[in-house]
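Q: Per full-length UniProt numbering, the sequence shown starts with residue 1, numbered consecutively.
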Amino acid sequence: SLVVLFGATAGAYGAKLGSDERELILLVWQVVDLHSKKVGTLHKSLVKADNLDLSEQCREVSGLTPEGLGKAEPLDRVLQQFSQLVSSDLKVLGRNSYTLCSDGQLLIRQVLHPETSKKNFLLSDCFYSFYDLRKEFHTCYPSSAAVKDQTIKTMAEYLGLGTDEAEEDFGVWQVKTMVAIIFSMLSEGCNHVFTEPETVKHKYETGPCSKSETVDSETVIRARGLPWQSSDQDIARFFKGLNIAKGGVALCLNSQGRRNGEALVRFVNSEQRDLALERHKHHMGSRYIEVYKATGEEFLKIAGGTSNEVAQFLSKENQVIIRMRGLPFTATQEDVLGFLGPECPVTGGKEGLLFVKYPDGRPTGDAFVLFSCEEYAQNALKKHKEILGKRYIELFRSTAAEVQQVVLNRYMSTPLIPTLPTPIIPVMPPPYTIATGSIRDCVRLRGLPYTAGIDDILEFMGDATGDIKPHGVHMVLNQQGRPSGDAFIQMKSADKAFMVAQKCHKKMMKDRYVEVFQCSGEEMNFVLMGGTLNRSGLSPPPCKLPCLSPPAYAAFQTAAVIPAEAAALYQPQALLPTTRTPQASAAAPPAVTYYPAQAAQLYMNYTAYYPSPPVSPTTVGYIAAPPGAVAAAATATHTPILPQPGALVRMQGLPYNTGMKEILSFFQGYQYAPDDYNGLIQLSEQARSVLQAPKEWVCL
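1) Have a look at residue 446 and residue 489 and give me their C-alpha separation to the nearest angstrom.
2) For a test of the three-state rule: what should DSSP assign to residue 173, helix, strand or coil?
3) For residue 392, does the count of other Cβ atoms within 10 angstroms reach 16, so buried, or fall short, so exposed?
4) When burial is assigned at 16 or more other CB atoms within 10 Å of the CB, is residue 630 buried or exposed?
5) Out of 258, 17, 92, point me to the one whose CA is closest to residue 114's CA.
6) Using the beta-carbon count (16 or more within 10 Å), is residue 376 buried or exposed?
7) Quick check: does the Cβ of residue 457 come within less than 7 Å of any heavy atom belonging to the ligand GTP?
8) Measure how close the beta-carbons of residue 170 and residue 61 come, nearest whole angstrom, since I'm counting them as under 8 Å.
9) Ends of the alpha helix (DSSP H) at residue 189?
10) Give every residue of the same chain whose Cβ lies closer than 7 Å to the Cβ of residue 188, excluding the five residues on either side of it in the sequence, and list them in chain order.
11) With 16 as the cutoff for other CB atoms within 10 Å, does residue 725 come out buried or exposed?
12) Sorted by chain position, which residues of the same chain lie with C-beta nearer than 8 Å to residue 295's C-beta, five sequence neighbours on each side aside?
13) Could you pull the start and end residues of the alpha helix (DSSP H) that residue 504 belongs to?
14) By how many angstroms is the C-alpha of residue 19 removed from the C-alpha of residue 275?
15) Any contact between the stretch 316-330 and the stretch 390-404? By contact I mean 3 or more CB pairs, one from each, below 8 Å.
16) Using C-beta distances below 7 Å, list every residue in its chain close to residue 50, excluding the 5 sequence neighbours before and after it, in chain order.
17) State whether the stretch 27-40 contacts the stretch 85-92, with contact taken as three or more CB pairs (one from each stretch) at a distance under 8 Å.
18) Alpha carbon to alpha carbon, what distance is there between residue 460 and residue 12?
19) Using the Cα positions of residue 655 and residue 116, report the straight-line distance between them to the nearest angstrom.
20) Would you decide whether residue 546 is buried or exposed? Buried here means 16 or more other CB atoms lie within 10 Å of its CB.
21) Could you give the C-beta distance for residue 75 and residue 47, rounded to a whole number, given that I count them as a contact under 8 Å?
22) May I ask which residues mark the beginning and end of the beta strand (DSSP E) holding residue 322?
23) Spell out a yes or no on whether the stretch 328-346 and the stretch 282-294 are touching, meaning 3 or more CB-CB pairs, one atom from each, closer than 8 Å.
24) Do you know offhand how far residue 515's Cα is from residue 83's?
25) For a minimum of 3 consecutive residues, which ranges assigned as the beta strand (DSSP E) are wholly contained in the stretch 221-301?
26) Kindly identify the DSSP beta-bridge partner or partners of residue 519.
27) I'd like to confirm the pairing. Which residues does DSSP put opposite residue 489 in its beta bridges?
28) Could you tell me which of 299, 352, 161, 143 sits nearest to residue 704, measuring between CA atoms?
29) Would residue 200 pass as a contact of residue 6 if the rule is Cβ separation under 8 Å?
30) Determine the direct distance from the alpha carbon of residue 232 to that of residue 98, and round the result to whole angstroms.
31) Measuring CA to CA, which of 224, 230, 278, 254 is closest to residue 242?
32) Taking only the alpha-carbon atoms, compute the straight-line gap between residue 208 and residue 304 and give it to the nearest angstrom.
33) Would you identify the three-state DSSP class for residue 199, choosing helix, strand or coil?
34) From the DSSP output, in three-state form, read off residue 119 for me.
35) Going straight from the alpha carbon of residue 648 to that of residue 523, what length do you get?
36) Within 10 angstroms of its Cβ, does residue 15 collect 16 or more other Cβ (buried), or is it exposed?
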């Protein structure tokens, strides 16, 4: 038996059904006995949606009203009634099993499965297998229109069925016509047999991916804007109703091995990929997710691997993978198993642990653990930030692709930032001066998440991004060079700034609401120079004497030239190194980087802020300085770079709460030559005299 099913949402209709995330408001169905060619009772049920605001197209096509839907039952109750009524009709017809039959894929895959997943209730097994009437019709009548161009009306017209849509209620005509089409396909001239139903996977299957595999580019998408803590199961839930290939979710990592909010997803065929693209800007929690096309090469670059150790670790299928981060470098397998305890046994004991190491064998502090079931994994996640030794341990859900990325990147590359980065220059016309004036053509963003970057701010601004002045985005950083939670945006006019403040005030960004205030260029400049802006007005910068700690925050004068090594301290975008051989380093000219003048000298202390290099919406990144520019800059200046090779040291593995006092204490007893650093930064005479007083170390 077939259960012919038709539905509609409160939004788009037809080919765009489900693309706008609107809820289901109508279900119509009828049982059809394929052997006796009898039918059961036709049922029509309205569904009460959480949002009863109907689109114009929905009102026009369906004739439904919010008032009528307000008296209906919610979706979970309607689905219960559906199961009961279908069972009753089957008994009358003398049948006990059935398969759904719908007009295309959208109702099942793009409406029912996503909506029930978001509302946290399960669909019965009957919704995981169905016949697509359009495909069955094209199989029965090969000369008919292509499957993607078929509709109920075109199929009826092809068969010459004389049905008048205006005579029946919305939904009733569609189901009656679908039943008539099925009976035509069962007639003696066709004798069509329904044999291969469409299937929906119950759950996502994990598994490794080899670089030798062939991945069709027509099956891969890139999802962007994911919460950093999202796992492969969360992504599979976002695409609920669509069939993801085994091991087809690859979370992308940044250069530090942390998730960057993107993932590549591989589907079983191009049809599923095309349906996934229709979920562009659908929501995962409070965040909307962007979905774009990607290539098979991109997927293999992230998910592919060839390490035998990784392959052996991932050979145990259907395991839940947990990533541990921050392990003591001396931690052993016994230590990790003891930390997890008997309430979350590891699959295979020691064989279920995989420590990540650098090429020289040093541990990185990361490890991956296998668990046989969700219960054990949940018990392990409850130990997030518990102490092992003297360090707290972070635990996250992980994926097979992440295992391969992290382990293979550690095996195949040297530690992150092995050498000082290539000199870079901002892609802006220097010199640049922060705007001043009393015109209120700027906005201040307050309460930004500390993880927010320029891209997040531009996404937060939405359509107003086009009204930002060139190089008008200023992140406000604290004395450690980390985001303070504030930012200033220069708009093209006071009216634009007012509109942005009205539209974006208390809008959400990463689960936090952000306050947006209109302000003037003078007020913005004052805060960026170290002052404060609050309800009581402007407060001057915290001190009028140059502060000595940290000395690297002293001001740069116009046309200042500083070494690339010092510039790297200011530019987080620079922390993506390129490998440099000793021979090339010896032959290269001294590297310098131009940095924009900052309008006035910055007076900073431990509580003051300073601005990041301003950026434009279209030029967020930085580019490497051309060799000619570097050589010319080096020739034009006599600024000493470093006293001798090896005089600059880099410290790795510092605890996150390390302060300057701990670093100075660590280097107690080591001497430095203050005269060699005179040209590194601009200092006043008072600052220089204090720096040259007897000390063991000055930290730059």
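Just so you know, even glycine gets a beta-carbon here, dropped at the ideal spot from N, CA and C.
A: Short version:
1) Mapped onto the sequence shown, residue 446 falls at position 446. Mapped onto the sequence shown, residue 489 falls at position 489. Computed Cα separation, rounded: 11 Å.
2) Stepping through the sequence shown from its first residue, residue 173 is reached at position 173. The answer is helix: DSSP assigns residue 173 an H, G or I state.
3) Indexing the sequence shown from 1 puts residue 392 at position 392. Around the Cβ of residue 392, a 10 Å sphere holds fewer than 16 other Cβ atoms; the residue is exposed.
4) Numbered from its first residue, the sequence shown carries residue 630 at position 630. Residue placement at residue 630 cannot be trusted, given a pLDDT of 42 that sits under 50; what the coordinates show is reported in the next sentence. Label assigned to residue 630: buried.
5) As a position in the sequence shown, residue 114 is number 114, starting the count at 1. The shortest C-alpha separation from residue 114 is found at 17.
6) Along the sequence shown, read from residue 1 onward, the residue named residue 376 stands at position 376. In summary, residue 376 is buried, with 16 or more beta-carbon neighbours lying within 10 Å of its beta-carbon over all protein chains present.
7) Summarising the ligand content, the structure contains no ligands, and the ligand GTP is consequently not present.
8) Locating residue 170 in the sequence shown gives position 170, counting from the first residue. Locating residue 61 in the sequence shown gives position 61, counting from the first residue. Their Cβ separation, rounded to whole angstroms, is 7 Å, which keeps residue 170 and residue 61 in contact under 8 Å.
9) One-based indexing of the sequence shown puts residue 189 at position 189. It is not in any alpha helix (DSSP H) - residue 189 carries neither H nor E in the DSSP assignment.
10) As a first step, residue 188 is located in the sequence shown; it is residue number 188 there, counting from the start. Excluding sequence neighbours, residue 188 sits near nothing in its chain.
11) With the chain covering 1 to 700 only, the question about residue 725 has no answer from this structure.
12) As a first step, residue 295 must be located in the sequence shown, where it is residue number 295. Closer than 8 Å at Cβ, skipping near neighbours: 217, 220.
13) Reading the sequence shown from its first residue, position 504 is the one you call residue 504. Its alpha helix (DSSP H) spans residues 494-504.
14) Here residue 275 refers to the residue found at position 275 when the sequence shown is read from its first residue. Here residue 19 refers to the residue found at position 19 when the sequence shown is read from its first residue. A straight-line Cα-Cα distance of about 9 Å links residue 275 and residue 19.
15) The stretch 316-330 and the stretch 390-404 touch, with no fewer than 3 CB-CB distances between them shorter than 8 Å.
16) Mapped onto the sequence shown, residue 50 falls at position 50. 23, listed in sequence order.
17) By the Cβ test, the stretch 27-40 is in contact with the stretch 85-92, since at least three Cβ pairs between them sit closer than 8 Å.
18) One-based indexing of the sequence shown puts residue 12 at position 12. One-based indexing of the sequence shown puts residue 460 at position 460. Taking the straight line from one Cα to the other gives about 26 Å.
19) By 1-based counting over the sequence shown, the position of residue 655 is 655. By 1-based counting over the sequence shown, the position of residue 116 is 116. C-alpha separation (whole angstroms): 44 Å.
20) One-based indexing of the sequence shown puts residue 546 at position 546. Note that residue 546 scores 37 on pLDDT, short of 50, meaning its location in the model is unreliable and no value can be drawn from it.
21) Translated into the one-based positions of the sequence shown, residue 75 becomes position 75. Translated into the one-based positions of the sequence shown, residue 47 becomes position 47. The beta-carbon separation of residue 75 and residue 47, rounded to 5 Å, stays under the 8 Å limit for a contact.
22) The residue you call residue 322 lines up with position 322 of the sequence shown. Here the beta strand (DSSP E) through residue 322 covers 320-325.
23) The stretch 328-346, when compared against the stretch 282-294, does not touch it at the 8 Å Cβ threshold.
24) Locating residue 515 in the sequence shown gives position 515, where the first residue counts as 1. Locating residue 83 in the sequence shown gives position 83, where the first residue counts as 1. Residue 515 and residue 83 have their C-alpha atoms spaced approximately 49 Å apart.
25) Assignment of beta strand (DSSP E) within the stretch 221-301, counting only whole runs of 3 or more residues, yields 244-253, 259-267, 282-284, 287-293 in chain order.
26) For the purposes of this step, residue 519 is taken as residue 519 along the sequence shown, with counting starting at 1. Looking at the DSSP assignment, residue 519 forms a beta bridge with 442.
27) Indexing the sequence shown from 1 puts residue 489 at position 489. The secondary-structure analysis by DSSP pairs residue 489 across a beta bridge with 443, 473.
28) Nothing can be reported for residue 704, as the shown portion of the chain is limited to 1 through 700.
29) Along the sequence shown, one-based indexing puts residue 200 at 200. Along the sequence shown, one-based indexing puts residue 6 at 6. Remark: C-beta atoms of residue 200 and residue 6 do not approach each other more closely than 8 Å.
30) Position 98 of the sequence shown, counting from 1, holds the residue named residue 98. Position 232 of the sequence shown, counting from 1, holds the residue named residue 232. Roughly 33 Å separates the two Cα atoms.
31) Reading the sequence shown from its first residue, position 242 is the one you call residue 242. The residue with the shortest Cα to Cα distance from residue 242 is 278.
32) Within the sequence shown, numbered from 1, the residue matching residue 208 stands at position 208. Within the sequence shown, numbered from 1, the residue matching residue 304 stands at position 304. Those two C-alpha atoms are separated by around 8 Å.
33) As a first step, residue 199 is located in the sequence shown; it is residue number 199 there, counting from the start. Per DSSP, reduced to three states, the secondary structure at residue 199 is strand.
34) If you number the sequence shown from 1, residue 119 lands on position 119. Reduced to three states, the DSSP call for residue 119 is coil.
35) As a working note, residue 648 is residue 648 in the sequence shown. As a working note, residue 523 is residue 523 in the sequence shown. Rounded to the nearest angstrom, the two C-alpha atoms are 38 Å apart.
36) Your numbering for residue 15 matches position 15 in the sequence shown. The residue is exposed, with fewer than 16 neighbouring Cβ atoms inside 10 Å.
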